[in-house]
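Trainee:
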Amino acid sequence: RGERSSGASSAARGRRRGRAASMALTLGSLLLATILFLNGLAVLNEERFLKRIGWGYEENLNEPPTFKKQVINLLYAVRVLLRVPLLVLNILTILVKLLLG
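When the sequence shown is numbered by the working numbering, its final residue is 788 and no position is left out of the sequence of numbers.
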């Protein structure tokens with residue numbers, strides 16, 4: 688009985704190690720998560736979504752500097768300034784994933 692339980696626990700430990708290795712935080716996974724987050728911010732449509740909830744860029748130009756206004760400016764900057772760099776990063780990411788797996 689003691690041998691069986693120790694064998695089962697070592698198998699469970701092996702499964703845990705395999706899962707931990709596949710979920711490791713590497714520089715590549717951090718870069719991929721950043722690209723996905725920026726893509727999520729970039730696809731928010733101002734006219735269809737952000738203006739409806741009061742987060743449009745032009746309607747908040749005259750507001751005093753608040754956290755909300757800083758987030759609105761960040762969304763605007765991601766949509767305007769990072770459009771081309773995000774396109775290039777997405778293409779490079781796809782090519783790397785296709786070539787290296």
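The C-beta atom is built at its ideal place from N, Cα and C for all residues, glycine as well.
Rounded C-beta distance between L782 and L762? I'm assuming under 8 Å.
Mentor: About 28 Å; that fails the 8 Å criterion.
Trainee: Run the CB neighbour count on I740, radius 10 Å, all protein chains shown included, and call it buried at 16 or more, exposed below.
Mentor: Its Cβ having fewer than 16 others within 10 Å, I740 is exposed.
Trainee: Spell out a yes or no on whether the segment 748–757 and the segment 765–773 are touching, meaning 3 or more CB-CB pairs, one atom from each, closer than 8 Å.
Mentor: At 8 Å Cβ cutoff, the stretches do not touch.
Trainee: Counting only the same chain and skipping the five closest in sequence on each side, list residues whose C-beta sits under 6 Å from that of W742.
Mentor: Contacts found: I759.
Trainee: Please state the DSSP three-state secondary structure of Y763.
Mentor: Correct three-state label for Y763: helix.
Trainee: Use the C-beta contact count for V765: other C-beta atoms within 10 angstroms, 16 or more gives buried, fewer gives exposed.
Mentor: That one is buried.
Trainee: Taking just the CA atoms, how far does L714 sit from G787?
Mentor: For clarity, residue 787 is Leu in the given sequence; the question names Gly instead. Each residue's Cα considered, the two are about 16 Å apart.
Trainee: How big is the Cα-Cα spacing for L725 and T753?
Mentor: In a straight line, the C-alpha of L725 is about 22 Å away from that of T753.
Trainee: Just the C-alpha distance for L734 and L785, rounded to the nearest angstrom, thanks.
Mentor: What sits at residue 734 in the sequence shown is Glu, not Leu. Computed Cα separation, rounded: 35 Å.
Trainee: Please go through the same chain and pick out, in chain order, the residues whose beta-carbon is closer than 8 Å to the beta-carbon of A729, but skip the five residues on each side of it.
Mentor: Excluding positions up to five away in sequence, the list reads V765, R766, L769, R770 and L773.
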